[in-house]
Structures are given as C-alpha cells and as structure tokens.
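Report on one structure; see the data block that follows.
There are 2 protein chains.
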Amino acid sequence: MATQYHDRPTINFLLYDVHEVEKACQLPFFSDHSRETFEMTLDAATLIADNIMFPNLLSVDRNQPELVDGEVKVHPCLKDYLKALGDSGIIGADFTYEDGGAQLPFSISSMVGHILMAANNGMMYTGLTTGAARLIASFGSEELKQKYIPDMLNGNWQGTMCLTEPQAGSSLSDIVCSAESAGENEFLVSGQKIFISAGDHDACRNVVHLVLARIKGAPLGTKGISLFVVPKYFEDGSKNDITNMGIYHKLGQKGVPAMHLGFGDQCRGYLLGEPNKGLNYMFQMMNEARIGVGFTGASISSAAYHAAVEYTKERPQSRRLNKKNALDSPQVAIIQHPDIRRMLLFQKAAVEGSLSLLTEVAQYFDLSHYSESEEERKKYHLLLELLTPIAKTYPCESGLRVTSDALQCFGGYGFTEDFPIEQYYRDIRITPIYEGTTGIQSQDLLGRKVAAENGAALKLLAGEIQKTIDEAMAYDHLKKYANELSAEIKNLSTITRHLISVAATGDTERFLSDATLYMELSGLVTIAWQWLKIGVTAQKKLAASDDLKSFYESKIHTMKFFYHYELPKTSGLSKRLLDEEVLTIDQGTEFQF
Amino acid sequence: MATQYHDRPTINFLLYDVHEVEKACQLPFFSDHSRETFEMTLDAATLIADNIMFPNLLSVDRNQPELVDGEVKVHPCLKDYLKALGDSGIIGADFTYEDGGAQLPFSISSMVGHILMAANNGMMYTGLTTGAARLIASFGSEELKQKYIPDMLNGNWQGTMCLTEPQAGSSLSDIVCSAESAGENEFLVSGQKIFISAGDHDACRNVVHLVLARIKGAPLGTKGISLFVVPKYFEDGSKNDITNMGIYHKLGQKGVPAMHLGFGDQCRGYLLGEPNKGLNYMFQMMNEARIGVGFTGASISSAAYHAAVEYTKERPQSRRLNKKNALDSPQVAIIQHPDIRRMLLFQKAAVEGSLSLLTEVAQYFDLSHYSESEEERKKYHLLLELLTPIAKTYPCESGLRVTSDALQCFGGYGFTEDFPIEQYYRDIRITPIYEGTTGIQSQDLLGRKVAAENGAALKLLAGEIQKTIDEAMAYDHLKKYANELSAEIKNLSTITRHLISVAATGDTERFLSDATLYMELSGLVTIAWQWLKIGVTAQKKLAASDDLKSFYESKIHTMKFFYHYELPKTSGLSKRLLDEEVLTIDQGTEFQF
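Chains as they are written, first to last, in the working numbering: chain A, 270 to 862; chain B, 270 to 862.
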C-alpha cells in the first residue's frame with residue numbers, strides 16, 4: 270500500500286509561486302486571509318484525509334452501500350468523516366461569513382477538495398452538499414437559507430443535485446419531472462431522478478435535494494425548468510414522499526451511493542428563486558461543479574501516480590539495458606528503466622499540469638466574483654467560461670491514461686486487488702461522463718465559448734498566454750519552448766478560424782462533428798502553457814538561490830517532457846481538424862456497424 | 270444486455286475474401302480441409318459460445334473462484350464448458366492427427382478462439398491447456414505424449430504455463446525455481462510460481478503444469494532454464510506435493526483463477542526435452558501464445574463494440590445538431606450524433622483491423638510451419654516473428670480505448686453493473702500486461718525483430734505491403750490511400766534507419782528508450798495496411814456485383830475513417846522518434862518524482 274497520495278510541496282509551489290494566490294488577499298472580500306490561514310485549512314484537510322479517508326480507501330470500496338428495507342446503509346466511517354468535515358468548517362469554507370462560511374478563496378477550497386479526493390474519492394459526499402447549499406445561498410429566500418444552510422454546512426444534512434432522469438441524461442431540455450403549486454412557494458414535485466450521488470444514506474440526519482422539474486404549463490425545453498428544494502424530512506420530523514427505488518452498483522466510486530429516486534404524488538418542495546429559471550441557476554453553479562470534477566480527475570490521478578512512483582522505486586526487475594547481460598549483478602529498481610520513466614513522467618506532467626490549470630481557473634473564479642472593477646470581473650468571467658470545459662476535460666481524459674499507465678507500472682500486480690491501483694483505474698472512469706460528458710464539454714467549448722462575444726474570450730486567453738511566452742523568452746533554456754508554444758497558438762487560431770468558417774455555413778452538425786478533437790488540441794496547448802509558466806517560475810527560483818535545486822530542476826525536466834512527448838500530438842489532431850472529408854455524419858444511407 | 274458479441278459475416282469476409290485462408294487447403298498438411306470443414310468448426314464454437322459461455326458472462330464475473338480449504342472452487346458452468354469443448358475437439362483442433370488433433374489451420378483455430386473469447390473471456394481455460402499440450406506434443410517423449418495429451422485435449426485435464434515467480438516477472442533470466450534429478454527423467458521440482466491462470470480448479474480431474482526451473486548447477490540466466498511436466502495427480506491417483514498458496518482477486522477476467530502455487534520438497538516432475546533448453550522451447554510457443562492474447566484483446570473489444578452499437582441504436586437522447594431547437598420533435602437514437610459515430614467508427618476500425626492483422630499473422634504461422642519449400646517456410650517465419658509483437662500489442666492497446674469509448678457511448682449507464690460494458694473495460698486491462706507487457710513487446714520488435722538478419726523481415730514486410738499498394742492503385746477511390754500508405758512506409762523506414770544508427774553507437778538504452786512509441790507507430794502503419802487490403806477486397810466485390818453493397822461500402826467507409834482519424838497520429842510519433850533530446854534515461858542525478 271502506497272503511503273503518499275498527494276504532494277504538498279508541489280501544491281504549495283503551484284499555489285504560492287506559480288499562481289501567487291495570496292494576491293487574492295488584497296481584495297476586500299478575502300482581506301482577512303493570508304498564506305497562514307490558507308495553510309491552516311490545507312493542514313486541517315490533510316489531517317482528515319490522513320486519519321479518516323486514506324485508511325478507509327479499500328474498506329469503503331469493498332463494502333459498498335446497500336439498499337436494505339428501503340434504507341441506504343453506508344460504511345460506518347462516513348459518519349466520522351461527515352462530522353470531521355462539518356466541525357472543521359470545510360464544507361462551506363468559501364461561503365460568505367453571512368451564510369456561515371469563512372470567505373476562503375475558491376482556489377484554496379478547491380485545493381482542499383483535491384487533498385481529500387486524492388485520499389479517498391469514494392468518500393466525497395460533501396462536494397454535493399456544498400453545491401446544493403450554494404444554490405440555496407445564491408438564489409434562496411432568507412427563510413430557505415436559515416432553514417437549510419446551517420445543518421448542511423455542519424455536515425448533519427446531506428445535499429444532492431437531482432438533474433438526470435431516465436429519458437434525459439445529457440439532454441436536460443427533455444426533463445419531465447413535474448411540479449404543481451400547493452400553497453405559497455410550496456409545490457408538489459413528482460417524477461423520477463437517476464444517478465443521484467449520495468441520494469440517501471444513514472450517515473446523515475436529513476437529505477436536501479435540489480430538484481429540476483417543470484411547473485405544469487411551463488414552456489417546452491430548457492426555458493420551462495424550475496428548481497426546487499425538496500427535503501427528505503420536514504422540520505416537524507415528518508418524512509417526505511420520496512422513495513429509494515434502486516441503488517446502482519458501479520464500476521468505481523463504490524463508496525458513494527448512486528440512487529434512483531422516486532418523488533411521489535405527495536412529495537412537497539419549495540421553489541428556489543423564480544419559476545422557469547432553474548436551469549439558469551444550475552448553470553451558474555456549473556463552472557464550479559465542473560472545475561470540481563476536473564479536480565476529481567487530477568486527484569485520483571495524483572494518488573495513482575504516487576502509488577506508481579513508490580512501487581517502481583521498490584520493485585527490482587531485470588538490469589539496465591546497457592548492462593543486460595551482467596546476470597551476476599543484482600536486479601535494479603524498475604524506476605531506472607526508460608519505459609517506466611516515460612510512463613511516470615507522463616503521469617507527473619499530466620497530474621501537475623492539470624493541477625496548475627485548475628488552480629488558474631479557480632483563481633479566475635475568485636477574480637470574476639470578487640475583483641473590484643466591473644471590467645476585471647467581466648474579463649475573468651470570460652476566461653473562466655472559456656477554460657472551464659477544458660479544465661473539466663483534460664484532467665479526466667488524461668487521467669484515464671494516467672491511471673492506466675500507473676497500473677501498467679505495477680505489471681501483473683497492478684491487475685490484482687493487492688494494490689489500490691486497480692481501484693483508481695475503476696474510480697476515475699466516471700469523471701469524463703458526469704457533470705457533462707467529454708462530448709458535451711467539447712460542444713460547449715467550440716460551439717459556445719470560443720464563439721462567444723466575437724471570440725473575445727479567446728483573445729483574452731491568447732493575451733494571458735503571451736505574457737507567459739514573453740517572460741519565458743528572457744531565459745535561454747526556455748526560449749525554444751516559448752517559441753513552440755507561440756507556434757501552437759498560431760496553429761490553434763488557424764484551426765479555430767477554419768471551424769468558425771464551417772459554422773458560418775449554418776451546418777452546425779458539421780461544425781461540431783470533431784469538437785472532441787478540438788478539445789483534445791486545446792487541452793494540449795493549454796497544459797503546455799501551464800508547463801511553460803511552471804518552467805518560468807522554477808527558472809526564477811533557480812536563479813535566486815540553490816534551495817530545493819532538484820525540486821525545481823525536476824519541474825523544468827517535466828516541462829520538457831511534456832513538450833517533447835505530448836505536445837507533438839497536436840500535429841495529427843490539426844491534420845484531421847483541417848481535413849474536409851466528412852465521415853461521422855449520419856447521411857441517412859444504410860451503414861453496417 | 271446486448272445480444273451480439275461477434276460478427277460472423279465480417280469474420281467470413283476476412284477469412285475467405287481478404288485473406289483467402291482456403292488456399293491453405295492446397296498444402297498437403299491441410300489437404301483434408303475445405304471451407305466446409307472450417308465453417309463446421311466455427312459453427313460448433315458458436316453453439317458453445319451462445320449456449321454456455323455468453324449466458325454466463327455476468328454470473329462467472331460475479332461468482333469468482335475462491336480458495337476453500339486449500340481447494341479452488343469455480344463456477345459450476347465451467348464443467349459444462351470444458352466437457353463441451355473437449356467433446357467438440359476444439360482444444361486440440363490444430364494438433365496433428367497423430368497427436369489426436371484435426372490438423373486445422375491455426376488461422377481457423379484462432380478464429381474459433383475469437384468467437385469463444387468474445388462470448389466470455391472469463392471462461393477461457395482451454396487456451397492454456399492447448400498451449401501446455403502443444404509443448405508436450407512438440408518436445409515430449411512418446412511416453413509423456415501418450416500419458417498426458419489425450420486427457421488434456423478431451424477437456425478432462427487442465428494445462429497451465431508456470432513461468433512467473435515473485436521476484437521474476439518480466440525478467441525470466443532471474444527464475445530461481447529449482448530441479449534436482451530423482452531418477453530417469455524424473456526430477457524434484459521446487460519453488461513458487463505466481464499469476465498461474467487456471468492453476469487449479471474443481472472443474473477438471475487433473476492439472477498438468479508446464480514449469481520452468483533450473484537444474485542444480487545449471488548456468489546463470491536464460492541458458493540454464495529447463496522445462497518440466499508437473500502433474501497434480503499421478504497415474505496411481507496419488508497427489509503431488511503442490512500447494513495452492515493463494516488466489517489473486519483481480520480487476521477483471523474474474524472467472525479464471527490466478528494462483529500462487531507452491532511446489533514443495535517432494536514435488537516430482539518430468540523433464541521435457543533436453544536440459545537447459547526450457548526457455549527455447551517456451552519461446553517457440555510464444556508466437557502462438559502472443560497471437561492468442563492479441564485475439565483476446567480483439568475479442569473483448571468486439572463484444573464491447575457490438576454492445577455499444579446495440580445500445581446507441583436504441584437509446585434516444587437529444588436531437589440532431591442541425592435541429593437542436595425542434596423541441597417538439599422526438600429525441601433521436603444517439604447513434605445519429607457525430608461524436609457517437611466517431612467513437613463507434615474508431616471501435617469498428619480497431620476491432621476489424623485487429624482481426625485482419627491477426628488473421629494475416631495466423632496465416633503466416635501456418636505457412637511458416639507447413640509450406641512445402643524451405644524458402645517459403647523461412648520467409649513466413651521471418652514475417653511471423655516480425656509481426657507477432659505488433660499483433661499482440663495493437664489489439665490490446667487499442668482495445669483499452671475501444672472498451673473505454675464503448676463505455677462512454679453508454680453515458681452514466683456505462684459505469685453501472687446494469688450492462689456488461691464495465692466488465693469488458695475491466696477484463697481487457699490485463700491484455701497489455703500478460704504474455705509480455707507492451708514494453709517488452711516493443712523492445713522485442715525494435716531490439717530483436719527489426720534488426721534480425723540485417724533487416725530482412727522488414728524488407729519482406731515492405732514487399733507484402735507494396736503488393737497491396739499496387740493493387741489499390743488500380744482503383745481511383747483507393748489511390749489516395751495507397752499513396753498515403755506508401756508515404757507512411759517511407760517514413761517508417763527513415764525512422765528505423767535513424768534508430769538503428771543510435772543502436773550502432775552501442776547505447777542500447779537510448780536505442781530502446783522510446784521503443785513503445787516505435788511500436789505505436791508500427792501498429793498504426795500495419796493496421797493501415799490491413800485496412801487498405803480490406804478496401805481493395807471490398808472494392809473488387811462491389812465491382813463484381815450488387816450483393817451486400819452496404820456491407821462492402823461500410824468497410825470502405827471504415828477504411829477511410831482509419832486513414833483520416835487514426836493514421837495522422839503517426840506525425841506526432843515520428844516527430845518524437847526523430848527527436849534527439851534524451852529525457853527518460855536515468856542519469857543518476859536526483860530527480861524528484
């Protein structure tokens with residue numbers, strides 16, 4: 270069993286050196302904070318991760334939730350976990366003081382989430398509670414806020430997000446759950462919801478569902494969807510008409526019950542905000558949720574990577590290739606073999622590159638909300654909107670390969686339950702699916718974000734990247750990479766123009782047919798930018814002192830690895846994206862799959 | 270639950286049209302055979318697959334073998350399966366008449382294996398029996414043959430291959446199991462072996478282990494390894510000193526027990542062939558075993574692909590992108606969405622491309638053994654040796670993506686146990702590990718096979734590919750693709766020369782450091798060749814008649830997909846392989862992973 274699952278020195282380097290998150294403390298909203306309060310929060314999370322979460326990694330996976338007589342029984346350690354998180358204030362750490370939070374920047378609270386999820390992503394019930402409580406905090410009446418938020422933030426009550434229905438997965442416009450007025454702001458909410466994570470369980474005292482449904486007579490499509498707060502128990506202790514219709518047994522994240530819920534005829538809930546604005550509200554929370562899933566991908570990847578490093582340092586096998594025949598010499602640790610190092614360097618490049626991008630985006634989140642000028646808020650909002658689908662997708666998609674390569678480093682042992690690596694490989698597989706599949710994220714990126722406001726976001730991003738390139742040009746060692754990134758930006762822009770010209774023909778289907786490849790290309794370029802930024806920071810540190818020399822040199826080495834092994838993949842993608850041959854559009858003729 | 274897991278029309282097309290396997294019947298060894306006997310064998314396998322294997326797919330996975338009081342209990346259906354396979358003659362179908370076989374070409378017997386494994390790869394116990402029995406048939410004395418082969422081929426006795434030891438996974442030269450003479454050809458064989466598939470179970474009456482061990486005093490390394498036949502029970506019914514030390518619980522292929530076996534002080538076995546030649550013998554079986562694993566990858570991929578096709582045809586979700594806002598129109602089946610079609614076309618291209626390559630290589634196997642002239646046998650032996658590592662690796666590595674993309678097509682349902690797709694995703698993960706990891710295959714390809722006999726094999730392969738290119742040039746539709754393949758061959762040859770020049774410096778470690786990327790490149794080019802071959806055949810069929818028009822057109826469409834979406838990846842790989850920057854070799858300096 271590996272002993273390390275995250276890397277605090279790298280986390281600190283990313284937070285304080287590469288992204289200088291302390292600058293946020295200059296904004297009035299965060300003015301009570303400092304590096305000290307950030308560190309205290311990260312330390313508190315690490316204690317819970319080390320003491321409650323990581324030790325239960327295998328146990329939570331092997332003893333999955335079960336539906337017994339209509340009730341969901343979960344692993345007993347979940348109670349300790351929810352109490353510890355509630356007591357520590359982590360669930361609502363980035364909420365306003367008014368709502369019971371600590372006004373911590375999202376860049377810090379999401380890094381807290383990273384440490385927890387890297388320790389045990391099968392115990393992450395509280396992310397859902399945070400999301401649900403934030404919807405209430407943002408759009409709820411004072412009454413709803415006072416009634417629900419405190420017990421959610423202290424871990425007593427579970428929050429859920431009820432979007433998906435059996436006939437409407439990715440297509441939210443086809444939701445049919447219905448609501449009918451039953452008094453002031455009170456509604457009867459009925460229908461079925463599926464895949465509801467932590468949809469019910471016995472480690473909490475109440476469950477607060479945030480449910481998308483249509484008020485009778487509402488318009489078709491997304492414009493007729495409202496949002497309701499639907500508790501399992503009311504204040505008087507009476508139980509609402511909600512039935513656990515089933516529990517999904519899953520490939521991974523087995524610790525979190527995924528429920529099929531039935532909201533019956535007598536189920537009552539409260540309208541949140543105004544009618545028919547439910548999906549708007551939900552979408553305002555979406556960036557945060559998607560960044561959260563990006564962190565999930567990076568966190569599971571981190572755990573897998575560190576497990577692989579530890580194993581390959583200890584496992585002797587064969588001799589160095591240049592001394593293959595020295596049979597009387599001992600076998601060497603497999604981390605010395607180039608093929609293993611190549612796999613480990615990819616993992617490191619993907620994990621740390623992902624964490625860097627996610628930190629960047631979390632910072633945009635903070636700046637888009639709390640910058641002092643409207644102009645700044647708008648700028649960072651555009652950047653946030655543009656980068657969110659990439660920050661969700663790259664860590665999850667690259668994470669499939671990270672966990673797979675990490676497993677490969679274990680050889681035959683990787684396929685056994687003797688090591689947690691097979692679990693990481695299973696757990697991460699959901700991340701490119703939930704909170705919008707990779708296909709959906711890609712259509713969002715190319716179809717909405719890139720084109721928004723005449724490409725304003727893309728121009729802003731190019732400006733940010735140019736700053737990094739300019740800085741890098743000051744260092745001889747980095748020039749080559751700065752020039753490469755420059756060329757990649759030009760190439761991406763050529764391709765974007767080409768695709769926009771397809772969009773201009775009105776053929777949306779063709780325009781978006783290879784959106785997923787455009788996403789892959791954008792991901793590579795964005796991560797290359799992050800690595801150049803890391804390289805510049807490391808170079809500055811090396812120029813300033815000899816402290817932590819090998820730490821910073823290893824960062825530069827990993828940057829080079831990304832540019833030499835991963836970035837070249839843009840050429841094949843570009844070739845396809847500029848290619849006119851249409852092959853994936855259903856032409857109505859018979860095709861024999 | 271999907272109903273289809275393999276595609277017989279495509280299998281027949283590959284066997285009889287693309288690869289013309291009936292030609293084998295002109296060789297004296299196969300002269301009793303014809304398309305009719307081939308079809309009968311494939312039909313017999315399909316019956317067993319349909320009636321015993323596929324219906325038990327989930328059940329075998331969910332009720333995995335357990336070690337109870339030292340004995341291995343397996344799913345009861347395994348007895349029916351072994352009896353059915355034994356009765357049908359499939360286990361030894363390609364053995365000589367003399368050894369109790371039917372002298373079927375390997376190209377047919379391995380396609381039989383494909384159908385069985387696609388139905389349920391968690392029941393594939395007999396491939397191991399076939400491999401073990403073939404070692405005895407090839408190198409055993411008459412006595413050993415008569416004593417062991419009949420009951421192995423009739424399914425009463427299980428065969429195993431005992432190579433791996435706790436301290437020697439990929440490094441067979443470090444095997445320490447020992448053997449000591451105890452009478453004529455009889456030895457005491459002791460030590461531990463791990464990951465022994467079907468290493469013991471209660472669905473058979475005896476287990477015959479083929480064990481690699483060192484006779485005391487033998488030379489170090491691979492030159493001191495001998496091969497022994499070690500039965501669980503002797504003829505007199507007495508039990509050998511073999512202990513089931515443990516059973517591995519695994520990520521996938523849960524139906525097959527992977528055992529940790531202890532061969533005790535009193536364990537007796539029989540030397541097979543001559544002393545110290547054990548690894549040579551084993552390697553002569555290796556091509557066959559590796560092609561078998563390639564088929565496993567292609568088979569699990571086939572099942573996953575067909576499940577995804579079936580699901581995406583039935584699952585309605587959203588509207589076509591050009592009619593996104595027609596909310597009052599019904600949702601369409603997701604197979605109509607370009608992103609889903611792209612994933613399905615990739616799966617089809619990888620599965621059928623893999624099956625075509627494997628058929629090609631299986632044919633080389635037959636021709637290398639049974640061609641009439643020594644020259645022909647040598648030619649096909651060289652081609653077989655060169656292509657085997659690719660035919661093992663491409664189907665397994667691409668299969669990871671096939672099963673992952675197939676799972677993605679199911680959305681959230683793909684992550685649940687409601688569909689078998691999550692099982693395929695787990696099952697296939699072992700295939701790039703066992704029978705030589707992808708890293709080992711890649712070193713074999715670049716380090717041994719490409720350089721062998723001054724590159725003679727590579728020249729032969731280029732000649733074979735040129736034949737396909739020449740044929741394709743006759744068709745206007747295919748010219749573009751023939752020219753592309755031509756350019757890829759030139760590029761591969763440039764890269765090979767470059768790498769060989771690195772080898773010439775004596776720095777083997779650097780020469781082989783990116784062997785896995787060279788493998789990836791070779792795989793893409795080889796599969797592109799197979800698709801051009803398929804394209805030529807389909808074009809000929811279309812020119813000849815209107816029968817099965819859409820079947821053949823779909824093949825050509827899939828060929829195009831491979832050239833437009835997969836083959837462009839060679840450019841990124843080539844860039845890296847020609848790049849001089851060394852980043853994955855351990856330079857002895859401290860690196861902070």
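Ideal placement from N, C-alpha and C gives every residue a C-beta, glycine not left out.
Assuming contact is defined by CB atoms lying nearer than 9 Å, are residue 527/A and residue 400/A in contact in what I supplied? Using a Cβ distance threshold of 9 Å, residue 527/A and residue 400/A do not count as a contacting pair.
If you measure from the beta carbon of residue 345/A to each beta carbon in chain B, is any gap under 9 Å? It does not: the Cβ of residue 345/A has no partner Cβ on chain B nearer than 9 Å.
Cβ atoms of residue 572/B and residue 387/B: under 9 Å apart, would you say? Residue 387/B is a Cβ neighbour of residue 572/B, given a cutoff of 9 Å.
CA-CA distance, residue 801/A and residue 459/A? Taken atom to atom, the span from the alpha-carbon of residue 801/A to that of residue 459/A is near 52 Å.
Grouping DSSP H, G and I as helix and E and B as strand, with all else coil, what is residue 427/A? Residue 427/A falls in the strand class under three-state DSSP.
For the structure I just gave you, are there three or more beta carbon pairs, one from the region 843-854 of chain A and one from the region 806-818 of chain A, closer than 8 Å? Too few Cβ pairs lie closer than 8 Å, so no.
Return no unless some Cβ of chain A is closer than 9 Å to the Cβ of residue 604/B. True, the Cβ-Cβ gap to chain A drops below 9 Å.
Given a cut-off of 9 Å on the beta-carbon distance, is the pair residue 905/A and residue 827/A in contact? No statement about residue 905/A is possible, as the shown extent of chain A runs from 270 to 862 and does not include it.
Evaluate residue 766/A with the Cβ neighbour count: other Cβ atoms within 10 Å of its Cβ, from every protein chain shown; 16 or more gives buried, anything less gives exposed. Here residue 766/A is exposed: its Cβ has fewer than 16 other Cβ atoms, across all protein chains shown, within 10 Å.
Can you tell me the Cα-Cα spacing of residue 775/A and residue 391/B, whole angstroms? Residue 775/A and residue 391/B have their C-alpha atoms spaced approximately 49 Å apart.
For a cutoff of 9 Å on Cβ pairs, would you count residue 578/A as touching chain B? For residue 578/A, the answer is yes, since a Cβ of chain B falls inside 9 Å of its Cβ.
If we ignore side chains and look at the alpha-carbon of each, how far apart do residue 474/A and residue 585/B end up? Approximately 38 Å between the Cα atoms of the pair.
Are the CB atoms of residue 563/B and residue 663/B nearer to each other than 9 Å? Yes, Cβ-Cβ distance for residue 563/B and residue 663/B is below 9 Å.
Does DSSP put residue 461/A in a helix, a strand or coil? If DSSP states are grouped into helix, strand and coil, residue 461/A belongs with the strands.
Nearest chain B C-beta to residue 861/A closer than 9 Å, yes or no? The C-beta of residue 861/A comes closer than 9 Å to at least one C-beta of chain B.
Let me know the secondary structure DSSP gives residue 703/B once reduced to three states. It is coil, neither helix nor strand.
May I ask you to check if the CB of residue 807/B is nearer than 8 Å to at least one heavy atom of the ligand FAD? In the structure on display, the ligand FAD does not appear, and there are no ligands present to speak of.
Between 750/B, 757/B, 679/B, 306/B, which has its C-alpha nearest residue 378/B's C-alpha? Measuring from the Cα of residue 378/B, the nearest candidate turns out to be 306/B.
Here's the rule I'm using: 16 or more other beta-carbon atoms within 10 Å means buried, otherwise exposed. How should residue 503/A be labelled? Around the C-beta of residue 503/A, fewer than 16 other C-beta atoms lie within 10 Å, and the residue is accordingly described as exposed.
Exposed unless 16 or more other CB atoms sit within 10 angstroms - verdict on residue 435/A: Exposed, since its Cβ has fewer than 16 Cβ neighbours within 10 Å.
Rounded separation between residue 548/B and residue 430/B - CA only: Approximately 12 Å between the Cα atoms of the pair.
Mind checking if residue 483/A is an interface residue toward chain B, Cβ cutoff 9 Å exclusive? Cβ-Cβ to chain B under 9 Å: no for residue 483/A.
Give a yes or no on whether 9 Å exceeds the smallest Cβ distance from residue 855/A to chain B. Output row for residue 855/A: interface = yes.
Give the DSSP-derived three-state secondary structure of residue 697/A in the structure shown. If DSSP states are grouped into helix, strand and coil, residue 697/A belongs with the helices.
Residue 518/B versus chain A: which residues are under 7 Å apart at the beta carbon? Those within 7 Å of residue 518/B in chain A are 685, 686.
Along the chain, where does the alpha helix (DSSP H) that runs through residue 304/A open and close? First-last of the alpha helix (DSSP H) with residue 304/A: 304-317.
Residue 767/A by DSSP, collapsed to three states: which one? Note: residue 767/A maps to helix in three-state DSSP.
So residue 496/A and residue 551/A are in contact, right, with Cβ under 8 Å, and what is the actual spacing, rounded? Taking the Cβ atoms as the reference, residue 496/A lies roughly 7 Å from residue 551/A, within the contact range of under 8 Å.
Would residue 444/B and residue 482/B be called neighbours here (beta carbons separated by less than 9 Å)? In this structure, the beta-carbon distance from residue 444/B to residue 482/B falls below 9 Å.
Is the shortest distance between the beta-carbon of residue 433/A and the beta-carbons of chain B less than 9 Å? Yes, its Cβ sits closer than 9 Å to a Cβ of chain B.
Whole-number beta carbon distance between residue 790/B and residue 842/B, since they are thought to touch under 8 Å: Contact flag correct, Cβ pair sits at about 4 Å.
Determine contact between the region 279-297 of chain B and the region 330-339 of chain B, defined as no fewer than three beta-carbon pairs at a distance below 8 Å. Flag = no, the region 279-297 of chain B and the region 330-339 of chain B do not touch.
Is residue 695/B close to chain A? Criterion is C-beta to C-beta, closer than 9 Å. Yes, contact with chain A.
Mind pulling the chain B residues with CB within less than 7 Å of residue 691/A? Under the 7 Å cutoff, chain B gives 520.
Residue-chain proximity (residue 703/B, chain A), Cβ-Cβ < 9 Å: Yes - at least one Cβ of chain A is within 9 Å of the one on residue 703/B.
So which residues of chain A does residue 699/B contact, with C-beta pairs closer than 7 Å? Using a Cβ-Cβ cut-off of 7 Å, residue 699/B is close to 684 of chain A, given in chain order.
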